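Undergrad: Using my numbering, the first residue of the sequence shown is number 2, and each one after it goes up by one.
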Amino acid sequence: MKSKAKTIISAGFTAGVLDLTAAILVYAVFLQKTTAIKILQSIASGILKKDAYSGGAEMALYGVLLHFLIAFIFAWFYFKIYSYIPFFHISALLSGLTYGFFVWAVMNLIVLPIVFPVLPEKHFDFPLLLSIIIIICCIGLPIAFITRKYYTTHYYSS
2 MKSKAKTIIS AGFTAGVLDL TAAILVYAVF LQKTTAIKIL QSIASGILKK
52 DAYSGGAEMA LYGVLLHFLI AFIFAWFYFK IYSYIPFFHI SALLSGLTYG
102 FFVWAVMNLI VLPIVFPVLP EKHFDFPLLL SIIIIICCIG LPIAFITRKY
152 YTTHYYSS
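#1: Skipping 5 residues on each side, what residues in its chain have a beta carbon closer than 7 Å to that of Gly47?
#2: Measure the alpha-carbon distance for Ile44 versus Val65 and round it to whole angstroms.
#3: First and last residue of the alpha helix (DSSP H) that includes Thr153?
#4: Can you look up Asp20 in the DSSP assignment and give me helix, strand or coil?
#5: Going along the chain, which unbroken runs of the alpha helix (DSSP H) with 4 or more residues stay wholly within the region 35-119?
#6: For Leu181, report the span of its alpha helix (DSSP H) as first-last.
#7: From Tyr63 to Ala72, what distance separates their C-alpha atoms?
#8: For Thr8, which of helix, strand or coil comes out of DSSP?
#9: Compare the beta carbon distance of Tyr83 and Thr153 with 8 Å and say whether it is the shorter of the two.
#10: Any idea if Asp20 is buried or exposed, counting beta-carbon neighbours within 10 angstroms, 16 or more meaning buried?
#11: Taking all protein chains shown into account, do 16 or more other C-beta atoms lie within 10 angstroms of the C-beta of Val119, making it buried, or fewer, making it exposed?
#12: Measuring CA to CA, which of Ala106, Leu129 and Leu98 is closest to Val27?
#13: Return helix, strand or coil for Leu32, following the three-state DSSP convention.
#14: Does the beta carbon of Asn109 come closer than 8 Å to any beta carbon on chain B?
#15: If you draw a straight line from the alpha carbon of Cys138 to that of Asp52, how long is it in whole angstroms?
#16: Report buried or exposed for Tyr79, applying the criterion of at least 16 other Cβ atoms within 10 angstroms of its Cβ.
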């Protein structure tokens, strides 16, 4: 990556695309629990509440925009803390796994309970494990690998 901004945009965009694609494929296509539009409306409902479910494609677009905003924020945050956390320099794989779990924890234990005060109780089961794996693979790992490439190119090469 040539610049900090391009690295963050690349990491956020890649993570956003992978995570959204995985969610739609897993929950709408394979498990047939919902539709792609409902997934996107659910994301939009974080800000627009129940109105998000009555707005059709427009609300789905808001869901896409919010989803990518969140992905860019997590990419920016990782980029900013990367140089301060020596553990991240050891292995992009390990730091990506760790950061992915951190992202899942922040979203599921802090953000969602604040935005939606009444949530179903979580149980350690297949759906929970699947949600953790998706976040790790689609958000944590790409952000870690893209960020590491920038830092090794700009700061750690001789």
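Ideal Cβ placement from N, Cα and C applies to all residues, glycine included.
Just so it is clear, the structure is predicted and the values come from calculations on it, not from any experiment.
TA: In brief:
#1: Leu67 and Val116
#2: 8 Å
#3: Leu142 to His155
#4: helix
#5: 37-49, 58-83, 87-91, 93-106 and 113-116
#6: Since the displayed the chain opens at 2 and closes at 159, residue 181 lies outside it and no answer follows.
#7: 14 Å
#8: helix
#9: no
#10: buried
#11: exposed
#12: Leu129
#13: coil
#14: The structure shown contains no chain B; it is built from a single protein chain.
#15: 31 Å
#16: buried
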